[in-house]
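Student:
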Amino acid sequence: MNWIIVAIIAQFLFALVFTLDKFFVSKTPLKPVVYAFYAGTLQILVLVFIPFGFKMIPPFQILIGLLSGALFVLASLLFYKSIQLKEISRIAPVVGGLIPIFTLFLSFLFI
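Its first residue numbered 1, the sequence shown is counted upward by one per residue in the UniProt record's numbering.
#1: Looking only at its own chain, which residues have a Cβ that is under 8 angstroms from the Cβ of Ser82, when we skip the five neighbours before and after it?
#2: Given this structure, state the Cα-to-Cα distance separating Phe18 from Ile88, to the nearest angstrom.
#3: Can you tell me which of Ala7, Phe23 and Phe37 puts its alpha carbon nearest to the alpha carbon of Leu74?
#4: Using only the alpha-carbon positions, how far apart do Thr103 and Gly53 sit?
#5: Measure how close the beta-carbons of Leu77 and Val33 come, nearest whole angstrom, since I'm counting them as under 8 angstroms.
#6: Using only the alpha-carbon positions, how far apart do Ile64 and Leu42 sit?
#7: State the Cα-Cα distance for the pair Ala7 and Ala39, rounded to the nearest angstrom.
#8: Shortest alpha-carbon distance to Gln11 belongs to which of Ile44, Ile111, Val95 and Ser107?
#9: With a cut-off of 8 angstroms on the beta carbons, I'd call Val25 and Tyr80 a contact; round off their distance for me.
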């Protein structure tokens with residue numbers, strides 16, 4: 001029964017994040033490209049954890065990490081641009097509905 005509580009909390013947090021994203025994009029003069037840039041550059045904060053143990057990974061895994069970061073920035077840019085142009089009530093169900101579908105397909109691919 002705990003899974004229902006977790007699912008409800010997750011959907012509530014998705015709604016909160018989508019609403020805040022729409023508020024920030026529509027109420028500030030910044031462009032969506034700026035939000036996507038900062039979302040991408042904040043990923044560099046992972047380097048803070050280097051003193052707690054660092055092991056060099058193979059170049060192929062570094063390439064996969066860089067590619068996934070670039071795709072994240074591109075997806076963020078498209079998301080922020082879409083919520084700038086349309087209502088969040090139309091965008092959020094699409095994004096919220098596609099996340100589990102992509103998770104399912106990508107888990108079969110990579111796991």
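Where is the CB? At the ideal position from N, CA and C, for every residue including glycine.
Tutor: A quick look at the data gives this:
#1: Your numbering for residue 82 matches position 82 in the sequence shown. Within the same chain, and ignoring the five residues on either side of Ser82 in sequence, the residues whose Cβ sits closer than 8 angstroms to its Cβ are Ile91.
#2: Taking the sequence shown and counting its residues from 1, the one referred to as residue 18 is at position 18. Taking the sequence shown and counting its residues from 1, the one referred to as residue 88 is at position 88. Each residue's alpha carbon lies about 7 angstroms from the other.
#3: Within the sequence shown, residue 74 is the residue found at index 74, counting from 1. Looking at the Cα atoms, Phe37 is the closest of the given residues.
#4: By one-based count along the sequence shown, residue 103 stands at place 103. By one-based count along the sequence shown, residue 53 stands at place 53. Distance between the alpha carbons of Thr103 and Gly53 is about 29 angstroms.
#5: Sequence index remark: in the sequence shown, residue 77 carries index 77 (1-based). Sequence index remark: in the sequence shown, residue 33 carries index 33 (1-based). A Cβ-Cβ separation of about 6 angstroms places Leu77 in contact with Val33 under the 8 angstroms criterion.
#6: For this step, residue 64 is matched to residue 64 along the sequence shown. For this step, residue 42 is matched to residue 42 along the sequence shown. Ile64 and Leu42 have their C-alpha atoms spaced approximately 18 angstroms apart.
#7: In the sequence shown, residue 7 corresponds to position 7, counting from 1. In the sequence shown, residue 39 corresponds to position 39, counting from 1. Just so you know, the alpha carbons of Ala7 and Ala39 end up roughly 25 angstroms apart.
#8: The residue given as residue 11 occupies position 11 in the sequence shown. The candidate whose alpha carbon is nearest that of Gln11 is Val95.
#9: Indexing the sequence shown from 1 puts residue 25 at position 25. Indexing the sequence shown from 1 puts residue 80 at position 80. About 6 angstroms separates the two Cβ atoms, so the contact holds.
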